[in-house]
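Note that the protein sequences, when read in sequence, are chains A and B.
Plus 746 on top of the position in the first sequence (first one is 1) and you've got my numbering.
Plus 24 on top of the position in the second sequence (first one is 1) and you've got my numbering.
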Amino acid sequence: MDARAVPPRRLWLLALGFGLWCTALVVVYSMHAMGCAFGWRTEVLRWSLALVLLVHLVAIAWPWYRYAKSAADPAQGETGAFLHEVILWTLPKAFIAVVLTLGPVMLLSTCI
Amino acid sequence: MSAPLEPTTTPRRALRLHRELTAIWATGPGLQRLASVNHSVVGLRMMITAFVFMLIGGLLGMLTRVQLATPDGKFMEAGTYNQVFTMHGVMMLFLFAIPMLEGVAVYLLPKMLGARDFAFPRLTAFSYWCYLFGASILTGALLLGVAPDGGWFMYTPLSSNTYTPGVNADVWLLGVTFVEISALSFAVEIVVSILKMRAPGMSIDRMPIFGWYMLVTALMMLVAFPPLILASILLEVERAFGLPFFDPTRGGDALLWQHLFWLFGHPDVYIIFLPMAGALSTMIPVFAGRALVGYRIIVVAIVGMGFLSFGIWVHHMFTVGIPHLALAFFSAGSAIVAVPTAVQMFAWLATLGASRPRWDLPMLYIFGFFFVFVLGGLTGVMLAMVPFDWQAHDTYFVVAHLHYVAAGSFLFPLIAALYYWLPLLTGRVADKRLAVPAFWLTFIGFNLTFFIMHLVGLRGMPRRIYGYEALDGWTWMNLLSSVGSFIMVIGIGLLLIDLLVQLRYGRRARRDPWGATTLEWAMSIPPRSYNFASIHHLDTHGDKVAPATIAPALARGEGYLGFTRNGWQETLGVHMTSGQAEQLIVLPKSTYLPLWTALAVACAVLGFLAKAYVVSAVAVSVVALLFVVGAQATGHRSDLGPLPVGRGVSVPPHTEVASSPPWLALVFALVADGTLFVSLLFGTLYLWIAAPNWPPSATPQTSLALALGAVVILALAAAAARGSLRSQLADRKPQLWMVLAALLLVAAIAVLMQLIGGVMPLPREHALGATAAALLSYVLVHAGIGVLFLASNLWRTSAGYVSARRTLDLRLTRLWLDYTVVTAAIAMALVLALPSLVGMLGGRP
């Protein structure tokens with residue numbers, strides 16, 4: 747029996763994890779620049795950046811959890827299984843990338 | 025009267041089929057070669073042209089080594105030296121590396137994917153001509169002594185009018201932009217062709233790994249090149265018309281150039297690496313005699329690498345004064361980008377380790393790749409550490425690193441790929457008697473040249489200096505480096521001789537000399553103009569085919585489209601994920617139009633260089649006209665419905681389906697366009713937050729009524745375009761809607777021109793005015809292009825190319841105008857917000 751075709755829009759999910767890593771970097775970098783330019787208090791700036799970091803970690807963790815809990819749709823055959831697996835693997839890698847890249851937010855001096 | 029659309033059911037012999045297909049697909053002799061749009065012809069041209077520029081760029085590099093071989097070198101004067109080392113970098117990166125990988129992709133991809141050509145043959149040809157003419161302008165400037173001389177990355181303020189008053193910088197800005205337009209065109213085409221034009225049965229999980237590499241690379245190109253194009257346009261506008269985007273005395277910022285440049289520049293090096301990694305992933309399993317280990321994890325690594333490479337550009341700017349916290353982001357990112365690279369390396373090593381590899385000629389260069397690239401990667405991680413980078417920045421350590429990664433990631437795999445695929449191109453195999461010594465001389469010479477640069481850099485030798493003193497203590501190291509470079513040149517020379525000998529006297533290759541497992545070997549060698557006499561139905565993985573088994577059946581016409589029909593150049597379009605045959609694509613034939621269009625672009629560029637702006641304006645109008653004219657003869661004048669394509673399958677032509685290649689092409693072109701727009705937004709906001717001399721003395725003001733009016737008129741134009749589509753779908757005449765939409769766009773253009781004329785502060789006085797003018801001009805250009813879309817729609821509707829089933833033209837216009845409205849709204853919002861943003865600056869400590 748022929749497998750059901752995976753909708754092409756599913757391919758965009760390959761970009762989900764690392765796409766969120768990109769937005770995390772952009773938002774944190776921009777907010778940091780504005781916070782330093784406008785003299786935000788150190789604690790306010792740091793916690794704002796940490797909040798952005800946390801939001802993005804949750805945004806990646808949620809689909810990771812959903813994908814890890816679910817199995818590929820068997821009706822979509824090998825193609826569905828392949829995409830499910832590859833999308834699933836991008837998510838923890840993006841999560842770790844967010845932690846490692848933006849973790850310094852919690853540690854370093856803000857505007858020196 | 026055309027032949028019936030039903031194919032005959034009489035089995036065709038291979039030779040008769042070959043003759044019929046050749047008559048349809050072959051490039052004509054003599055001057056007709058200039059009209060060729062065939063991917064094999066254009067791909068080969070790209071590779072040969074890029075190779076020539078590699079040799080010229082290499083010669084320029086040798087000139088620098090002669091200059092630096094001894095202290096107080098008198099070989100060249102400083103001004104000449106600046107042009108030589110700048111053009112060495114420009115040629116190697118813009119005129120060799122990117123075009124070569126594009127040429128490889130253009131030549132190989134359709135074959136590997138089981139298609140007959142790329143999605144847009146005329147665009148392929150246009151892209152080549154743009155590359156050739158842009159490269160010629162840069163090379164011509166070198167011969168005339170007015171080549172760019174500010175380093176291959178042209179930092180401001182050195183490249184501004186104040187410090188580079190001559191035409192040198194303009195040559196870079198315009199020439200490189202010309203070449204980048206070519207690259208963007210290729211990128212759109214590669215993405216669309218990979219997604220839509222594979223052999224039926226080649227689902228996305230069965231695609232050869234090279235396809236995944238090129239897909240990610242092309243998507244990266246769509247997002248990486250626009251920031252550079254924007255930066256080049258802004259700097260050229262500053263130099264030509266005085267708008268101070270990068271002039272700190274008038275609210276600009278020299279660092280904005282660095283941000284925009286490296287937003288392109290860092291992904292660029294991965295764009296250069298990934299296709300070669302794809303080649304390695306294709307070659308290594310063949311010589312290992314087993315399948316690639318970790319296909320899926322490699323796909324994940326490629327995706328990760330594609331994204332991570334965009335988030336680490338500031339590691340080229342560690343010393344500009346950015347706060348430590350921000351530096352830490354980019355330092356960490358620059359370190360972790362090594363992880364997906366390492367994943368691929370380990371996958372290759374695992375593939376080799378789990379087998380008994382054949383140490384054939386390409387494997388020598390693959391060994392060279394492993395050695396050189398690992399060293400380059402290690403120094404890259406060193407440079408990712410900020411404290412170390414602060415010592416090594418702008419020294420020869422960085423020169424050493426970049427050559428190790430560039431040669432490691434590109435040159436050595438490229439030569440391996442050359443020897444691997446040369447039998448396919450030429451039908452002949454290499455002789456090891458020259459090839460093996462060539463490798464060792466190149467390898468030893470390369471390492472001698474560039475390894476020592478790490479040491480001389482750590483001893484403090486800066487980049488880009490044209491001389492040094494004996495007391496500096498760099499003498500013997502530079503001399504050894506220069507000796508090494510001559511050894512390397514002898515190796516490259518032997519390689520060149522070997523290639524020529526192979527072409528002329530090489531032993532004839534059998535069909536699949538390596539025992540490969542990908543589709544490009546399932547054809548005659550050298551390949552025919554049509555690639556496959558019939559298109560294969562893939563029932564296995566694209567990296568595990570048996571070319572020897574498939575080829576005879578395809579030659580006999582037993583696959584899809586094993587016949588000719590109406591003299592059409594036919595190939596198949598497939599569903600993006602499943603690979604199911606979905607549409608019949610009829611491709612355009614040879615035409616001089618791409619050549620004329622590229623020549624018109626060249627005239628526009630030369631006009632700008634000569635400050636003959638009227639000439640440029642006329643040339644741009646000619647380009648626009650040629651694009652509209654070029655669209656007129658495509659498609660069909662009647663609804664055809666499903667057409668038989670062989671193997672009992674019938675599919676509609678691409679003009680009658682929703683997800684056709686032109687639709688996808690516009691989607692991805694808008695991704696690139698949107699990136700340019702976002703870069704412009706970034707530039708505006710960056711100057712607001714970081715540039716000196718803000719706020720301006722003149723209060724910014726924009727007419728709210730005009731701004732809102734422009735957006736409303738554009739929205740009405742978009743609505744009118746939708747009206748034309750609705751009318752056509754209901755089989756009513758859409759022309760009135762099209763005319764209305766065009767008139768509304770003209771009105772919007774008039775309002776936008778009024779807005780630009782009223783920008784305060786004046787664009788020449790302060791960067792705030794300049795960025796507001798740039799944002800409004802962006803919208804104006806898009807409205808103008810919308811008028812061209814509608815003119816084409818009117819023309820083609822009248823000519824019968826549009827119907828209720830053939831609505832592609834109208835859907836493209838709808839998409840373009842929707843995009844124009846959205847970007848206009850954002851641009852207007854920012855322009856209107858500028859006074860408030862300027863007001864906020866008073867609150868800065």
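Each residue gets a CB set at the ideal place from its N, CA and C atoms; glycine is no exception.
Remember, predicted model here, so these are calculated numbers, not experimental data.
Interface partners of residue i on chain A, CB under 7 Å
i               : result
V327 of chain B : L760, F764 and T836
V323 of chain B : V832
F334 of chain B : C768
P251 of chain B : Chain A residues near P251 of chain B: none, gap ~13 Å exceeds 7 Å.
D697 of chain B : Those do not exist, as D697 of chain B stays about 18 Å from chain A at its closest Cβ, beyond 7 Å.
Buried versus exposed call for residue i [16 or more other C-beta atoms within 10 Å across all chains shown]
i               : result
M852 of chain A : exposed
V790 of chain A : exposed
T573 of chain B : exposed
Q56 of chain B  : exposed
T723 of chain B : exposed
N502 of chain B : buried
L279 of chain B : buried
S151 of chain B : buried
T821 of chain B : buried
Y529 of chain B : exposed
L800 of chain B : buried
D819 of chain A : exposed
V805 of chain B : exposed
P537 of chain B : buried
Q593 of chain B : buried
A102 of chain B : exposed
W281 of chain B : buried
N590 of chain B : exposed
Chain-ordered neighbours of residue i on chain A, where CB pairs are closer than 9 Å
i               : result
V669 of chain B : Chain A residues near V669 of chain B: none, gap ~18 Å exceeds 9 Å.
R868 of chain B : A783, F784 and G785
D292 of chain B : Simply none; closest approach about 17 Å.
For residue i, the residue or residues it bridges with in DSSP
i               : result
Y584 of chain B : B:I559
M597 of chain B : According to the sequence as given, residue 597 of chain B is Gly; it is not Met. Beta-bridge pairing links G597 of chain B to B:Q607.
M784 of chain B : B:Q725
V675 of chain B : B:L667
R532 of chain B : B:R452
P486 of chain B : B:T419
Interface partners of residue i on chain B, CB under 8 Å
i               : result
A843 of chain A : G328, L332, G357 and I360
S794 of chain A : Within 8 Å Cβ-Cβ: nothing; S794 of chain A doesn't reach chain B, min ~13 Å.
V798 of chain A : What V798 of chain A touches in chain B: nothing, since even the nearest Cβ is about 12 Å away.
P850 of chain A : L349, A352, F353 and A356
Partners in chain A for residue i, counting only beta-carbon separations shorter than 8 Å
i               : result
T601 of chain B : A751, V752, P753, P754, R756, L757, T825 and L829
D714 of chain B : As written in the sequence, residue 714 of chain B is Ala, which differs from the Asp given in the question. Those are A779 and A783, listed as they occur along chain A.
R320 of chain B : F828, E831, V832 and W835
I233 of chain B : Going along chain A, no residue has its Cβ under 8 Å from I233 of chain B, so there is no contact; the nearest lies around 13 Å.
Cross-chain neighbours of residue i in chain B, by beta carbon under 7 Å
i               : result
P809 of chain A : Within 7 Å Cβ-Cβ: nothing; P809 of chain A doesn't reach chain B, min ~15 Å.
L846 of chain A : A356 and I360
S816 of chain A : In chain order: nothing, as chain B lies at least about 18 Å away.
L771 of chain A : G335 and F353
L803 of chain A : None at all; the shortest Cβ gap to chain B is about 15 Å.
Name the residues in the stretch 776 to 787 of chain A whose C-beta lies less than 7 Å from a C-beta of chain D; which are they?
As a matter of chain content, chain D is missing from the structure shown, whose protein chains are A and B.
Touch check for the stretch 365 to 377 of chain B and the stretch 319 to 328 of chain B: three-plus C-beta pairs under 8 Å?
Yes, they touch.
Touching or not, the stretch 517 to 529 of chain B and the stretch 540 to 549 of chain B, by the rule of three or more beta carbon pairs under 8 Å?
At 8 Å Cβ cutoff, the stretches do not touch.
State whether the stretch 429 to 438 of chain B contacts the stretch 391 to 399 of chain B, with contact taken as three or more CB pairs (one from each stretch) at a distance under 8 Å.
With a cut-off of 8 Å, the stretch 391 to 399 of chain B and the stretch 429 to 438 of chain B count as touching, because enough Cβ pairs lie within range.
Ordered list of alpha helix (DSSP H) runs contained in the stretch 189 to 228 of chain B, each at least 4 residues
Entirely contained in the stretch 189 to 228 of chain B, the alpha helix (DSSP H) runs reaching 4 residues are, in chain order, 192 to 220.
Is the stretch 653 to 671 of chain B touching the stretch 177 to 193 of chain B in the sense that three or more CB pairs, one from each, lie closer than 8 Å?
With contact defined as three or more Cβ pairs closer than 8 Å, the stretch 177 to 193 of chain B and the stretch 653 to 671 of chain B are not in contact.
Segments assigned alpha helix (DSSP H), at least 4 residues, entirely inside the stretch 369 to 424 of chain B:
Listed in chain order, the complete alpha helix (DSSP H) runs (minimum 4 residues) inside the stretch 369 to 424 of chain B are 385 to 408 and 410 to 416.
Check whether the stretch 807 to 821 of chain B and the stretch 639 to 655 of chain B touch, using three or more Cβ-Cβ pairs below 8 Å as the test.
By the Cβ rule, the stretch 807 to 821 of chain B counts as touching the stretch 639 to 655 of chain B, because three or more pairs are nearer than 8 Å.
Stretch pair the stretch 839 to 851 of chain B + the stretch 684 to 694 of chain B: three plus CB contacts closer than 8 Å
Flag = yes, the stretch 839 to 851 of chain B and the stretch 684 to 694 of chain B touch.
Ranges of the beta strand (DSSP E) found wholly within the stretch 834 to 869 of chain B, counting only runs of at least 3
Listed in chain order, there is nothing to give.
Report yes or no: do three or more beta-carbon pairs, one from the stretch 703 to 714 of chain B and one from the stretch 770 to 786 of chain A, lie closer than 8 Å?
Contact between the stretch 703 to 714 of chain B and the stretch 770 to 786 of chain A is present: 3 or more CB-CB pairs across the two stretches fall below 8 Å.
Where in the stretch 757 to 782 of chain B do unbroken runs of the alpha helix (DSSP H), each at least 4 residues long, occur, reported from the N-terminal end onward?
For the stretch 757 to 782 of chain B, whole alpha helix (DSSP H) runs of length 4 or above, ordered along the chain, are 759 to 781.
With three or more C-beta pairs closer than 8 Å as the rule, is the stretch 604 to 619 of chain B touching the stretch 167 to 179 of chain B?
No, the stretch 167 to 179 of chain B is not in contact with the stretch 604 to 619 of chain B.
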